[in-house]
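S.K.: Provided herewith is a single structure, encoded as structure tokens, for subsequent inquiry.
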Amino acid sequence: MYRRLVGRLIYLAFTRPDLAYTVHTLAQFMQHPRQEHWDAAIRTARYLKGCPGQGILFRADCDLQLTGWCDSDWASCPLTRRSITGWLIFLGGSPISWKTKKQHTVSRSSAEVEYRSVAAATAELKWLKALLVAWGWNILVL
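For the sequence shown, our numbering gives the first residue as 13, with consecutive numbering after it.
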């Protein structure tokens, strides 16, 4: 039941950026969930029930401008000491792409973690710009 609920939350997280961190954390325990993980998943479902109208909205008069934000947290996982990288990309005022993920390696410094975060966000911005230009959109990247 836990896997089924978290799988549905993962699906919802594609259109609800407010769920990204919570679902990321819940998904780490898919193989061996405990009662506290189930309770957190149920609490997330109750949150969704309380605020059904949120999601991604695009305005008709938005400017075609890509803006990216990134951040990282050095050695934030208490179990593995790996860092977490996250980024968020906006088209106009609407979020269109985001991700939070543990880095693959243990970094030696916070500067190294920040460089990895900037590199991941830059790669996503370049890919989105190429995709939108291929569709014929004139895009400004900030």
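Note that CB positions come from ideal geometry on N, CA and C, so glycine has one too.
Taking its Cβ as the centre, do 16 or more other Cβ atoms sit within 10 Å of GLU48, making it buried, or is it exposed?
M.R.: Flag for GLU48 reads exposed.
S.K.: Is it right to say LEU31 is buried, meaning 16 or more other beta carbons lie within 10 angstroms of its own, or is it exposed?
M.R.: Buried: at least 16 other Cβ atoms inside 10 Å.
S.K.: Where are the alpha helix (DSSP H) runs, 4 residues long or more, that stay fully inside the stretch 39-116, in chain order?
M.R.: Runs found: 47-62.
S.K.: Helix, strand or coil: how does DSSP classify THR27 here?
M.R.: Residue state, collapsed to three classes: coil.
S.K.: Three or more C-beta pairs closer than 8 Å, one from the stretch 106-117 and one from the stretch 69-77: is that the case here?
M.R.: Cβ pair count under 8 Å is three or more, so yes.
S.K.: What distance in whole Å lies between the Cβ atoms of ILE96 and THR117, which are believed to be in contact at a cut-off of 8 Å?
M.R.: Not a contact, Cβ separation roughly 13 Å.
S.K.: By DSSP, does SER121 sit in helix, in strand, or in coil?
M.R.: Here SER121 sits in coil by DSSP.
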